[in-house]
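Colleague: As you go down the protein sequences, you meet chains A and B in turn. For the first sequence, the working numbering assigns the number 2 to the initial residue and increments by one for each residue that follows. For the second sequence, the working numbering assigns the number 69 to the initial residue and increments by one for each residue that follows. We treat Cβ as the ideally placed atom computed from N, Cα and C, and that holds for glycine. Owing to the predicted nature of the structure, the values given are computational and were not obtained by experimental measurement. Take a look at this one; I'll ask things after.
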Amino acid sequence: MKRFSVITLLISLVWACTSDNAVSDEPAEVSFERGPMLVNWADNIIKPSYESFSENLTTLVNSFETFRADTNVSNLISYRDSWVEAYMSWQTVAMFEIGPAESVDFRFSMNTYPTNTDNINSHLASGEYDLSLSSNRSSKGFPALDYLINGLGDTDDEIVAKYTSTDKEELMMYSEDVLNDMVLLTTQVLDGWNSGYRTTFVENDGSSATASVDRFVNDYIFYFEKFLRAGKMGIPLGVFSGSPLPENVEAFYKADISKDLFLKGLQASQDFFNGKHFSSTVKGESLASYLVNLDTSEDREDLSNVINSQFDKSRELVVALDNFKIEIENNNPATNMLLAYDEVQRLVPLLKTDMVSAMSIGIDFVDADGD
Amino acid sequence: MTYRNSYISNPIEAAPLAVFRVLFGVLMFISIARFWSYGWIDKLYLQPQYFFSYYGFEWVKPMGEFTYLIFLLCGLSTLFIAVGFKYRIAIITFFISFTYIELMDKTTYLNHYYFISALSFLMIFLPANVYFSVDAHRNTKLSFKYVPAWTINSIKLFIILVYFYAGLAKLNSDWLLKALPLKIWLPSKFDIPVLGHFLSLEWVQFSFSWIGVGYDLAIPFLLLYKKTRNFAFVLVVIFHILTRVLFPIGMFPYIMIVSTLIFFDVKIHNNIISIFRKIIRVAKPKFNNEETYAFSNQFLAQLKYVIVGFFFVFQILFPFRYLLYPGELFWTEEGYRFSWRVMLVEKSGYAQFKIVDRESSRWFYVDNTDFLTPFQEKQMAFQPDFILEYAHYLKEHFESQGHKNIGVFVDSQVTLNGRLSTTFVNPKIDLTQEKESFEHKKWIIPFQDEIKGF
């Protein structure tokens with residue numbers, strides 16, 4: 002009996018080894034390699050996006066310096082334009098909250114809104130503040146600049162008047178400190194990617210809960226659900242509170258760009274899904290091509306199409322809207338925006354349930370046994 | 069009659085039962101220690117603010133810091149079981165504390181936890197301490213070399229049932245004809261050395277599916293039949309080690325490997341006991357007194373037979389209760405648990421709850437992360453009884469905040485074995501008007517596809 006089992010074991014081992022040789026060069030066409038997808042993400046999407054954002058931020062700082070040197074309406078307008086451009090550019094990097102961005106708390110530091118004007122005013126008055134404190138996350142970044150550039154008066158003349166009043170020094174100083182903080186953090190993040198994190202990210206190409214793909218997909222969905230869907234639309238619409246909160250729209254003081262900021266973020270999310278290289282039409286390995294490759298059932302090949310058409314449909318409805326603040330303030334209930342929100346919402350289960358299930362990626366790090 | 073006797077009342081050597089007791093105690097001790105050391109007591113039973121209850125067991129809840137005491141009690145009882153000291157009290161303590169732990173939150177339900185609960189219940193009625201135990205050592209009146217055959221056969225029968233039912237459940241069109249869900253799970257294990265390379269190949273996925281179902285159905289008989297037993301054990305070891313490598317299933321593979329030892333001859337168990345003896349340095353075999361264990365009290369003996377009989381009738385029938393429900397079992401999960409349906413579905417869901425205040429007709433969505441841990445949210449989103457229970461909890465919560473006359477609706481999407489997600493619960497149904505019961509939940513939207521088989 003013992004001999005029999007030993008023989009069987011040997012036979013199965015031999016069988017296992019021979020089949021190993023027979024098919025070892027085949028799997029390449031069948032299996033999807035996560036490594037190249039990570040390379041595509043890092044080299045063609047994440048790093049170029051950060052670089053471009055960093056350049057926009059430099060332009061913003063320069064515009065501010067010009068405005069500071071020669072404080073007039075025309076320079077305020079070009080300072081504001083640079084701010085809008087940088088804010089739009091921010092939407093293409095906001096979802097990459099992993100590695101260096103995560104460790105400097107990038108997203109909350111750059112874009113926590115509504116901004117805390119009481120806090121900003123008291124900082125202006127006292128001149129004593131430390132922007133690196135997490136309690137100051139809502140007193141800096143783009144929303145603080147929104148207040149400083151657009152919220153200090155009703156007209157550009159009124160705003161310029163503030164910057165030429167007795168408060169001039171404090172305002173200029175605070176603006177400079179906010180900008181410096183943003184530049185510092187962005188430099189840290191970009192340096193992090195250039196000096197080693199890229200390698201760490203790309204080489205962690207396994208399939209555990211801590212592997213890059215699993216972690217990043219979770220981060221990506223988290224961004225989509227909490228920051229794009231809820232932050233930019235759901236919360237101002239009041240879908241989580243029961244009553245509209247128009248003061249919670251992104252860029253509240255500028256007011257007419259909140260929709261554009263959302264659309265930019267939506268486009269960036271879709272481009273990332275499709276692995277589209279930054280500011281190019283070339284597509285590389287992506288979540289979409291991964292889904293096509295998995296092809297686990299008759300339906301599965303369609304999933305990437307289903308997700309893309311849902312992205313398109315969401316965009317279509319949002320594009321047709323007025324600016325978010327107007328939609329919310331002028332309509333009660335804001336029916337059109339709610340309908341658009343519903344379409345954006347439909348992407349969440351597609352990404353969080355269908356896509357993640359197909360890729361066998363755990364949602365969040367649930368550390369427990371299964372059976 | 070002799071046939072009956074040879075399986076039930078004939079005396080057989082008690083060594084296998086003693087070995088089983090020792091190894092069970094040791095493995096359970098490791099399980100509890102492992103659970104504790106990973107910080108799971110805190111994470112699963114202290115941190116959450118809400119716990120999902122089994123129908124009828126709503127009174128079983130974690131007790132804050134005292135939850136550690138339950139685990140301590142449970143862990144201590146395993147040591148008493150292993151050495152066979154105050155065995156009856158120890159196994160009852162273990163059964164109650166372990167089952168209590170499992171009932172605290174059904175989020176953590178696993179078939180193998182249920183297996184442990186059920187097995188420890190059965191062991192209450194078995195004289196597992198009459199041989200190679202402190203009890204028998206201290207009191208020779210409790211020491212016996214032989215026990216009635218049924219006491220060992222009942223464990224075998226239970227293991228056979230578990231394997232066979234797990235195999236039956238896999239006889240369905242998704243598993244056999246589509247290699248699902250292995251087709252989804254295996255490719256994601258591409259980074260396992262050597263094997264990982266092949267897991268995305270379709271023929272490998274089909275082979276794993278078919279070999280898996282063949283293994284579950286055949287292994288009970290291969291273990292029973294003397295001539296194939298050694299071979300079967302080799303298979304058991306390979307199979308469970310493989311599942312351990314591929315899936316995060318904790319202690320279960322080791323528990324099954326050790327459990328199947330019960331099928332072996334007494335000779336092997338005597339060898340194991342002499343190894344134990346060497347380890348603990350007890351030289352003299354004091355237990356071979358040639359006595360047969362007999363139940364002292366005739367009434368209690370009869371009662372035992374009745375209880376164990378009921379246990380098996382229950383175990384045989386309960387997994388088939390799903391036949392009483394309409395709809396696809398994998399979709400509705402009505403009658404899914406406690407039926408040895410292991411690794412059968414890749415299921416995932418998304419549930420967004422809408423609270424409607426009927427008086428002011430205001431409404432808002434719930435952020436589930438305000439109430440549930442990520443693990444609880446994940447489990448809740450595709451199981452109807454969780455969804456209903458959570459809806460009632462939300463109603464209570466928001467009514468205590470001053471909202472009145474609240475309705476709770478859910479927008480839910482579920483994907484099963486790679487099918488595109490579809491609506492799971494009727495979004496027009498106010499869940500606060502629905503009650504939990506053993507009846508079919510009519511508000512589940514029927515499965516849009518068909519899965520044939522068990």
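1. CB residue 82 of chain B to CB residue 262 of chain B, shorter than 7 angstroms?
2. Excluding the five sequence neighbours on either side, which residues of its own chain have a C-beta within less than 6 angstroms of the C-beta of residue 78 of chain B, listed in chain order?
3. Would residue 313 of chain A pass as an interface residue toward chain B - the criterion being a Cβ-Cβ separation below 7 angstroms?
4. Under 7 angstroms Cβ-Cβ, which residues of chain A neighbour residue 435 of chain B?
5. So, for residue 31 of chain A: in the same chain, excluding its five sequence neighbours on each side, which residues have a beta-carbon less than 7 angstroms away from its beta-carbon?
6. State the start and end residues of the unbroken alpha helix (DSSP H) segment that holds residue 117 of chain B.
7. In terms of residues, what are the limits of the beta strand (DSSP E) holding residue 474 of chain B?
8. What residue ranges within the segment 118-183 of chain B form continuous beta strand (DSSP E) runs of no fewer than 3 residues, ordered along the chain?
9. Ignoring anything shorter than 4 residues, give me the alpha helix (DSSP H) runs that lie fully in the segment 272-345 of chain B, in order along the chain.
10. Within 7 angstroms (strictly less), CB to CB, does residue 354 of chain A reach chain B?
11. Taking a cut of 8 angstroms between CB atoms, which residues from the segment 401-419 of chain B lie near chain A?
12. With DSSP as the reference, please indicate the residues paired to residue 424 of chain B in a beta bridge.
13. Buried or exposed: where does residue 261 of chain A fall if 16 or more other Cβ atoms within 10 Å of its Cβ makes it buried?
14. Cβ of residue 360 of chain B less than 7 angstroms from any chain A Cβ?
15. How would you list, in chain order, the residues of chain B whose beta-carbon sits under 7 angstroms from the beta-carbon of residue 361 of chain A?
16. Can you tell me whether DSSP reads residue 490 of chain B as helix, strand or coil?
17. Whole angstroms are fine: how far does the CA of residue 52 of chain A sit from the CA of residue 336 of chain A?
18. Going along chain B, which residues have a C-beta under 7 angstroms from residue 350 of chain A?
19. Could you name the residues of the segment 259-274 of chain B whose beta carbon sits closer than 7 angstroms to any beta carbon of chain A, in the order they occur along the chain?
20. Quick one: does residue 432 of chain B have its CB under 7 angstroms from some CB of chain A?
21. Let me confirm a value: residue 180 of chain B is counted as buried when at least 16 other C-beta atoms fall within 10 Å, else exposed. Which label applies?
22. In terms of alpha-carbon separation, which member of A/77, A/67 and A/239 lies closest to residue 162 of chain A?
23. Is the separation between the beta-carbon of residue 415 of chain B and that of residue 454 of chain B shorter than 7 angstroms?
24. Is residue 463 of chain B close to chain A, meaning its C-beta is less than 7 angstroms from at least one C-beta of that chain?
25. Counting only beta-carbon separations shorter than 7 angstroms, does residue 236 of chain A have a partner in chain B?
26. If you follow the beta strand (DSSP E) that residue 390 of chain B is in, where does it begin and where does it stop?
27. Under 7 angstroms, Cβ to Cβ, is there at least one residue of chain B near residue 207 of chain A?
28. Is residue 360 of chain B helix, strand or coil by DSSP?
29. Looking only at its chain, what residues have a beta carbon closer than 6 angstroms to the beta carbon of residue 153 of chain A, apart from the 5 residues adjacent to it on each side?
30. For the alpha helix (DSSP H) that contains residue 98 of chain B, what are its first and last residues?
31. Within the continuous alpha helix (DSSP H) that includes residue 231 of chain B, where are the two ends?
32. When you check each C-beta in the segment 314-347 of chain B against every C-beta of chain A, which residues fall closer than 9 angstroms?
33. Assuming residue 268 of chain B contacts residue 255 of chain B under a Cβ cut-off of 8 angstroms, what Cβ separation, rounded to an integer in Å, is found between them?
34. With residue 178 of chain B and residue 125 of chain B assumed to form a contact (beta carbons below 8 angstroms), what rounded beta-carbon distance in angstroms separates them?
35. 7 angstroms is my cut-off, CB to CB: does residue 358 of chain A come that close to chain B?
36. So for residue 266 of chain A, helix, strand or coil by DSSP?
Modeller: On the basis of the data shown:
1. Counted from its first residue, the second sequence places residue 82 of chain B at position 14. Counted from its first residue, the second sequence places residue 262 of chain B at position 194. No, the Cβ-Cβ distance between residue 82 of chain B and residue 262 of chain B is not below 7 angstroms.
2. Within the second sequence, numbered from 1, the residue matching residue 78 of chain B stands at position 10. Excluding sequence neighbours, residue 78 of chain B sits near 217.
3. For this step, residue 313 of chain A is matched to residue 312 along the first sequence. So no, residue 313 of chain A is outside the interface.
4. As a position in the second sequence, residue 435 of chain B is number 367, starting the count at 1. The answer, in chain order, is 241.
5. Position 30 of the first sequence, counting from 1, holds the residue named residue 31 of chain A. Because the pLDDT of residue 31 of chain A is 45, which lies under 50, any placement of that residue in the model is unreliable, and the question is left without a value.
6. In the second sequence, counting from the first residue as 1, residue 117 of chain B sits at position 49. According to the DSSP assignment, residue 117 of chain B belongs to no alpha helix (DSSP H), since it is labelled neither H nor E.
7. Here the question's residue 474 of chain B lines up with position 406 in the second sequence. Note, residue 474 of chain B: beta strand (DSSP E), 474-484.
8. Inside the segment 118-183 of chain B, DSSP marks no whole beta strand (DSSP E) run of 3 or more residues.
9. 294-314 and 320-327
10. On the first sequence, residue 354 of chain A is found 353 positions in, with the first residue counted as 1. At least one chain B Cβ lies under 7 angstroms of residue 354 of chain A.
11. 410, 411, 414, 415, 416, 417 and 418
12. Mapped onto the second sequence, residue 424 of chain B falls at position 356. Partner(s): B/431 and B/475.
13. Walking along the first sequence from the start, residue 261 of chain A turns up at place 260. That one is buried.
14. One-based indexing of the second sequence puts residue 360 of chain B at position 292. Interface flag for residue 360 of chain B against chain A is unset, since no Cβ pair is found closer than 7 angstroms.
15. Translated into the one-based positions of the first sequence, residue 361 of chain A becomes position 360. Per Cβ cutoff of 7 angstroms: 252, 253 and 256.
16. Taking the first residue of the second sequence as position 1, residue 490 of chain B is located at position 422. If DSSP states are grouped into helix, strand and coil, residue 490 of chain B belongs with the strands.
17. Here residue 336 of chain A corresponds to residue number 335 of the first sequence, with the count starting at 1. Here residue 52 of chain A corresponds to residue number 51 of the first sequence, with the count starting at 1. So the alpha carbons of these two residues sit roughly 39 angstroms apart.
18. Within the first sequence, residue 350 of chain A is the residue found at index 349, counting from 1. Within chain B, the residues placing a beta-carbon under 7 angstroms from that of residue 350 of chain A are 418, 481 and 489, ordered along the chain.
19. When CB distances to chain A are screened at a threshold of 7 angstroms, the residues of the segment 259-274 of chain B falling below it are 259, 265, 266, 268 and 269, in chain order.
20. Locating residue 432 of chain B in the second sequence gives position 364, where the first residue counts as 1. Yes, contact with chain A.
21. Reading the second sequence from its first residue, position 112 is the one you call residue 180 of chain B. Under this definition residue 180 of chain B is a buried residue.
22. Counting from 1 along the first sequence, the entry for residue 162 of chain A is found at position 161. That would be A/77, whose Cα lies nearest to the Cα of residue 162 of chain A.
23. On the second sequence, position 347 is the one that residue 415 of chain B refers to. On the second sequence, position 386 is the one that residue 454 of chain B refers to. Not a contact, by the Cβ cut-off of 7 angstroms.
24. Residue 463 of chain B sits at position 395 when you count from the first residue of the second sequence. So, not an interface residue.
25. Here residue 236 of chain A refers to the residue found at position 235 when the first sequence is read from its first residue. No, residue 236 of chain A does not count as interfacial toward chain B.
26. The residue you call residue 390 of chain B lines up with position 322 of the second sequence. Where residue 390 of chain B is concerned, there is no enclosing beta strand (DSSP E), given that its DSSP letter is neither H nor E.
27. Indexing the first sequence from 1 puts residue 207 of chain A at position 206. For residue 207 of chain A, the answer is yes, since a Cβ of chain B falls inside 7 angstroms of its Cβ.
28. Start at 1 with the first residue of the second sequence, and residue 360 of chain B comes out as number 292. Looking at residue 360 of chain B - three-state DSSP - the assignment turns out to be strand.
29. Translated into the one-based positions of the first sequence, residue 153 of chain A becomes position 152. Cβ within range, chain order: 160 and 163.
30. For the purposes of this step, residue 98 of chain B is taken as the residue at position 30 of the second sequence. Its alpha helix (DSSP H) spans residues 83-105.
31. Within the second sequence, residue 231 of chain B is the residue found at index 163, counting from 1. Taken as a continuous stretch (DSSP letters only), the alpha helix (DSSP H) holding residue 231 of chain B covers 217-237.
32. 315, 316, 317, 318, 319 and 320
33. To locate residue 268 of chain B, count along the second sequence from 1; it is residue 200. To locate residue 255 of chain B, count along the second sequence from 1; it is residue 187. Residue 268 of chain B to residue 255 of chain B, Cβ: 4 angstroms. Contact.
34. Mapped onto the second sequence, residue 178 of chain B falls at position 110. Mapped onto the second sequence, residue 125 of chain B falls at position 57. Contact doesn't hold; Cβ gap of about 17 angstroms is too wide.
35. Against the first sequence, residue 358 of chain A aligns to sequence position 357. Yes, its Cβ sits closer than 7 angstroms to a Cβ of chain B.
36. Locating residue 266 of chain A in the first sequence gives position 265, where the first residue counts as 1. Residue state, collapsed to three classes: helix.
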